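Worksheet for the structure shown next.
In our numbering, the protein residues as written are 181 to 402.
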């Protein structure tokens, strides 16, 4: 089963309603923390998101490399990892539809790491230059998030650090439109991603795609 970068992008795009709810306050705080002469400077916002997506790519590379080591050294089949990725995709759909919130328990694991990272972000406020914006975005990329962790299982099953990084980069690009709407105050775009019916429909699509992924992986394994 080929890893589909476009699918990773679509998952990021479809999960954008969750991004607005999870990262909306952070994005608003970042925009309000810009120095007065940078208030309307889109380069600061873009630098922030470049940093965020770069962190996703780094985490994806680590996961992909780890998955390849597990496959080579302990004989863990990559297809088995892809089954895990399919299961997490279903859990993500249930999570976004608010039917089953098991992914919140996974997010709790990331909070232990986040408590050590978050203090560094305070040292970068207020944001006075592009470097600070880039670094702040890179730090926020490690924020505990069920959407990120679910997609990360794809990187784990990718079989290489490079592929894992590209998967998470495509996912990050998928989350970009909704957060840019938020950053630049485009209300209509935000309302579309936050619409309950739209989110429920997207959740069902994610569950269906997760089942499809499981079916392909299972047939490959057996």
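Ideal Cβ placement from N, Cα and C applies to all residues, glycine included. All figures in this text were calculated on a predicted structure; none of them were measured in a lab.
Using a beta-carbon distance below 8 Å, is residue i in contact with chain C?
i	result
residue 279	The displayed structure is made up of one protein chain only, and chain C is not part of it.
Restricting to Cα atoms, I'd like to know which of the options is closest to residue i.
i	options	result
residue 320	380, 193, 296 and 243	296
residue 272	260, 360, 363 and 192	192
residue 244	335, 397, 359 and 378	335
residue 222	392, 400, 242 and 360	360
residue 186	323, 210 and 331	331
residue 197	300, 224, 376 and 284	376
residue 301	387, 323, 248 and 253	323
residue 308	355, 261 and 224	224
residue 238	287, 328 and 249	328
residue 333	393, 400 and 254	393
residue 400	209, 247 and 261	261
residue 310	372, 184, 288 and 210	210
residue 358	195, 391 and 289	195
residue 379	199, 299 and 364	199
Helix, strand or coil for residue i, going by three-state DSSP, please let me know.
i	result
residue 337	coil
residue 199	helix
residue 228	helix
residue 260	helix
residue 189	helix
residue 281	coil
residue 253	helix
residue 221	coil
residue 395	helix
residue 326	helix
residue 364	coil
residue 321	coil
residue 181	Because residue 181 carries a pLDDT of 45, less than 50, the predicted location of this residue cannot be relied on, and the following value inherits that uncertainty. Coil at residue 181, not helix or strand.
Could you round the C-beta distance between residue i and residue j to whole angstroms and report it? I think they count as a contact, below 8 Å.
i	j	result
residue 314	residue 235	About 11 Å; that fails the 8 Å criterion.
residue 344	residue 240	4 Å
residue 326	residue 232	With 8 Å as the limit, residue 326 and residue 232 do not qualify as a contact, their Cβ atoms being about 16 Å apart.
residue 304	residue 207	Residue 304 to residue 207, Cβ: 15 Å. No contact.
residue 251	residue 242	The Cβ separation is near 15 Å, so there is no contact.
residue 354	residue 190	6 Å
residue 263	residue 398	7 Å
Cβ contact (3+ pairs, closer than 8 Å) linking the segment 340-351 and the segment 259-267: no
Count the CB pairs spanning the segment 272-286 and the segment 373-388 that are closer than 8 Å, and state whether there are at least three. yes
Taking 8 Å as the cut-off, does the segment 286-306 touch the segment 347-358 (at least 3 CB pairs, one atom from each stretch)? no
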